[in-house]
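In the working numbering, the protein residues as written are -1 to 494.
These notes are about the structure you will find just below.
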Ligand code: ADP
């Protein structure tokens, strides 16, 4: 087994990986930027190394400095987490030359599956259903028009190298295609360094359902069932759950079989996720494979009892999978809410500041994965994910009741968070009866209508007052309560 793992990442995922290392008796080391010197991951790891740069992301992205550091501190493996270097084939290739293990797939798999058109080609060759559209990057407008006519509008223009919900454009008709094709190519070139765009049919009101897989180096591949991830804003997930309340056992069987096949035909190893769109007729289409740990992996851990991060580490160290497929069962129902510093009233724009108060929910069936602490600075430099609340129970009703309790108990002050938005979603009929699609937020959420989605109950005002009292006790502060005050106060200023 490895003796020391370097984690070139930050936030909740770095802390999550440190915990897995600690349980396996492995030393953890992290890197950090000077903007992150007070971060939780720096204080939690066994060792922390600053990579100085005036660019906030450099510490987590500089290939040569990170590999140099790994050699210097005698780390025998690197766990990339998600984002940053996790899907960077060049980085993995450089690491492969050093003998230091990458806790993830080979650079070859990342190259194939990281490119959406390559992955689509491979899947369609082996009979895994893909969203109808082009198999290659589209060469010019004429070809785009031809494809548009043949599959029918609306269509989506997508960047072959895209990710993170970016580089996608909905095109409703031929006129729109003619006016936007060139702009789309220019835009994706700026964002991803390649002009390649391809076309997919726009699936009307589908669900986004994905399957977690694990594969060892001996050729064994298993699935850990599915996650429902349809609740999204700007193509980014907010609430995930497992199992999906939208599919029957027959569809579940077909989906999970297709996912295992997708992993096998790409020679995949370690943890990965196959994403599908599922339409109202239960037809499913391969969307893409994420060749890394997903943000939402804890819901799968909660229902299967399998620690995915520890499995990843063991697989990278050469161990066989600890589980056979018939030993993996759905034992519970789990939900995850991503708690982000985002303002629902301002088009989910990021909110920055210092965390002045943070009291997390606790009790049966609740897990919190967090990257923040009291006094953490939330800056514009990094993504807005503060923590994840995961709840589980014997069925969906119990998991949901626990999530509602957890969000009511969650106290945070200093930045605006999306907790009120999450609470609004959980109470919505379409969430309760699972009749939502990926367009739920677009269709249903109306910002700047506090009466509709931010109704504060008397209990919530009492809770807000107690948060404030706790802060006042701890520090001398001035505060300016907002008109529609909530437990996550936006305008609290600390007196130095
Ligand atoms: P990314 O890699 O940037 O996350 P994906 O291809 O995984 O992009 O798509 C992200 C989200 O965009 C999906 O979850 C879905 O909500 C929406 N989407 C993508 N492709 C389509 C499509 N062909 N039809 C309808 N919605 C789509």
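Idealized CB from N, CA, C, for every residue including glycine.
- Would you say the beta carbon of residue 106 comes nearer than 8 Å to a heavy atom of ligand 1? The residue given as residue 106 occupies position 108 in the chain shown. No - ligand 1 has no heavy atom lying nearer than 8 Å to the Cβ of residue 106.
- Item | Per DSSP, cross-strand counterpart(s) of residue 385 | In the chain shown, the residue the question calls residue 385 occupies position 387. Paired residue(s): 337 and 368.
- Task: State yes or no: is the beta carbon of residue 113 nearer than 9 Å to at least one beta carbon in chain D?
- Result: Among the chains in the structure shown there is no chain D, since it carries only a single protein chain.
- Query: Would DSSP call residue 441 helix, strand or coil?
  - Reply: As a first step, residue 441 must be located in the chain shown, where it is residue number 443. In the displayed model, residue 441 falls within a helix according to three-state DSSP.
- Message: Can you give me the C-alpha to C-alpha distance between residue 8 and residue 369, rounded to a whole angstrom?
- Response: If you number the chain shown from 1, residue 8 lands on position 10. If you number the chain shown from 1, residue 369 lands on position 371. Each residue's alpha carbon lies about 8 Å from the other.
- Task: From the DSSP output, read off the bridge partner residues of residue 234.
- Result: Along the chain shown, one-based indexing puts residue 234 at 236. Under DSSP, residue 234 takes part in a beta bridge, and its partners are 231.
- Item | Exposure label - residue 463; buried when at least 16 CB within 10 Å | As a first step, residue 463 is located in the chain shown; it is residue number 465 there, counting from the start. Under a 10 Å Cβ-count criterion, residue 463 is classified as exposed, with fewer than 16 other Cβ atoms of the shown protein chains found around its own Cβ.
- Query: Under 8 Å from any heavy atom of ligand 1, does the C-beta of residue 286 make it?
  - Reply: If you number the chain shown from 1, residue 286 lands on position 288. Distances between the C-beta of residue 286 and the heavy atoms of ligand 1 include at least one below 8 Å.
- Item | Within the region 258 to 339, ranges of the alpha helix (DSSP H) (whole runs, at least 4 residues) | Counting whole runs of 4 or more residues, the region 258 to 339 contains the alpha helix (DSSP H) stretches 295 to 302 and 306 to 314.
- Is it right to say residue 41 is buried, meaning 16 or more other beta carbons lie within 10 angstroms of its own, or is it exposed? Position 43 of the chain shown, counted from the first residue, corresponds to residue 41. Residue 41 comes out exposed.
- Give a yes or no on whether the C-beta atoms belonging to residue 345 and residue 243 are separated by under 9 Å. Here residue 345 refers to the residue found at position 347 when the chain shown is read from its first residue. Here residue 243 refers to the residue found at position 245 when the chain shown is read from its first residue. One thing to note: residue 345 has its Cβ no nearer than 9 Å to the Cβ of residue 243.
- What distance in whole Å lies between the Cβ atoms of residue 260 and residue 121, which are believed to be in contact at a cut-off of 8 Å? Here residue 121 is taken as the residue at index 123 of the chain shown, counted from 1. Here residue 260 is taken as the residue at index 262 of the chain shown, counted from 1. Confirmed, about 6 Å.
- Query: Any heavy atom of ligand 1 within a distance shorter than 8 Å of the CB on residue 164?
  - Reply: Numbered from its first residue, the chain shown carries residue 164 at position 166. Yes, Cβ of residue 164 sits closer than 8 Å to a heavy atom of ligand 1.
- Message: Measuring only the C-alpha atoms, how far is residue 449 from residue 416?
- Response: Taking the chain shown and counting its residues from 1, the one referred to as residue 449 is at position 451. Taking the chain shown and counting its residues from 1, the one referred to as residue 416 is at position 418. With a pLDDT of only 49 at residue 449, under the threshold of 50, the placement of this residue in the model should not be trusted; the figure read from the coordinates follows. Looking at the two C-alpha atoms, the distance is approximately 16 Å.
- Message: Classify residue 227: buried if its beta carbon has 16 or more other beta carbons within 10 angstroms, exposed otherwise.
- Response: Against the chain shown, residue 227 aligns to sequence position 229. Buried is the label assigned to residue 227, since at least 16 other Cβ atoms lie within 10 Å of its Cβ.
- Task: Please list the segments of the alpha helix (DSSP H) lying wholly inside the region 97 to 185, counting only runs of 4 or more residues, in order along the chain.
- Result: Here the runs fully enclosed are 105 to 112, 114 to 123 and 139 to 149.
- Is DSSP giving residue 375 helix, strand or coil here? Here residue 375 refers to the residue found at position 377 of the chain shown. Correct three-state label for residue 375: strand.
- Got a sec, what are the start and stop residues for the alpha helix (DSSP H) residue 92 sits in? Along the chain shown, one-based indexing puts residue 92 at 94. Following the DSSP letters along the chain, one finds residue 92 inside the alpha helix (DSSP H) bounded by residues 87 to 94.
- Query: Is residue 170 near ligand 1, going by C-beta to nearest heavy atom under 8 Å?
  - Reply: Position 172 of the chain shown, counted from the first residue, corresponds to residue 170. Checking every heavy atom of ligand 1 against the Cβ of residue 170, none is found closer than 8 Å.
- When 156, 220, 348 and 356 are compared against residue 192, the one with the closest alpha-carbon: The sequence position of residue 192 within the chain shown is 194, counting from 1. Taking only the C-alpha atoms, the option nearest residue 192 is 156.
- Query: DSSP on residue 478, reduced to helix/strand/coil?
  - Reply: Residue numbering aside, residue 478 sits at position 480 when the chain shown is read from its first letter. Interpretation of residue 478 is limited by its pLDDT of 45, a score under 50 that renders its predicted location unreliable; no figure is taken from the coordinates.
- Member of 403, 166 and 98 whose CA lies at the smallest distance from the CA of residue 158: On the chain shown, position 160 is the one that residue 158 refers to. For the residues 403, 166 and 98, the minimum Cα distance to residue 158 belongs to 166.
- residue 304 to residue 298 span [Cα, whole Å]: On the chain shown, position 306 is the one that residue 304 refers to. On the chain shown, position 300 is the one that residue 298 refers to. Distance between the alpha carbons of residue 304 and residue 298: 8 Å.
- Task: Leaving out five residues on either side along the sequence, give the residues of the same chain with a beta carbon under 6 Å from the beta carbon of residue 130.
- Result: Numbered from its first residue, the chain shown carries residue 130 at position 132. Answer for residue 130: 149 and 199, listed in chain order.
- Task: Give me the Cα-Cα distance between residue 13 and residue 205, rounded to the nearest whole angstrom.
- Result: Start at 1 with the first residue of the chain shown, and residue 13 comes out as number 15. Start at 1 with the first residue of the chain shown, and residue 205 comes out as number 207. The C-alpha of residue 13 lies about 31 Å from the C-alpha of residue 205.
- Item | Contact check, residue 339 vs residue 405, beta carbons under 9 Å | Counted from its first residue, the chain shown places residue 339 at position 341. Counted from its first residue, the chain shown places residue 405 at position 407. No; because the gap between Cβ atoms is not below 9 Å, this pair is not in contact.
- Message: From the DSSP secondary-structure annotation, give me the bridge partner or partners of residue 75.
- Response: Numbered from its first residue, the chain shown carries residue 75 at position 77. Paired residues: 3 and 99.
- Message: Rounding to the nearest angstrom, what Cα-Cα distance links residue 111 and residue 407 in this structure?
- Response: In the chain shown, residue 111 corresponds to position 113, counting from 1. In the chain shown, residue 407 corresponds to position 409, counting from 1. Residue 111 and residue 407 have their C-alpha atoms roughly 41 Å apart.
- Task: Could you check if residue 173 is buried or exposed, using at least 16 other CB atoms within 10 Å of its CB as the buried criterion?
- Result: In the chain shown, the residue the question calls residue 173 occupies position 175. Exposed, by the Cβ-count rule.
- Message: Let me confirm a value: residue 323 is counted as buried when at least 16 other C-beta atoms fall within 10 Å, else exposed. Which label applies?
- Response: Position 325 of the chain shown, counting from 1, holds the residue named residue 323. A residue is called buried when at least 16 other Cβ atoms come within 10 angstroms of its Cβ; residue 323 does not meet this threshold and is exposed.
- Is residue 128 buried or exposed, if buried means 16 or more other CB atoms sit within 10 Å of its CB? Along the chain shown, one-based indexing puts residue 128 at 130. Buried, by the Cβ-count rule.
- Segment limits, beta strand (DSSP E) that includes residue 196: One-based indexing of the chain shown puts residue 196 at position 198. That run of the beta strand (DSSP E) goes 195 to 199.
- Could you tell me if the beta carbon of residue 206 falls within a distance shorter than 8 Å of some heavy atom in ligand 1? Position 208 of the chain shown, counting from 1, holds the residue named residue 206. Residue 206: yes, Cβ under 8 Å from ligand 1.
- Please name the residue in 426, 431 and 432 whose C-alpha comes closest to that of residue 442. Start at 1 with the first residue of the chain shown, and residue 442 comes out as number 444. Of 426, 431 and 432, the residue nearest in Cα terms is 426.
- Query: For the alpha helix (DSSP H) that contains residue 413, what are its first and last residues?
  - Reply: For the purposes of this step, residue 413 is taken as the residue at position 415 of the chain shown. Unbroken run through residue 413: none, as it is neither H nor E.
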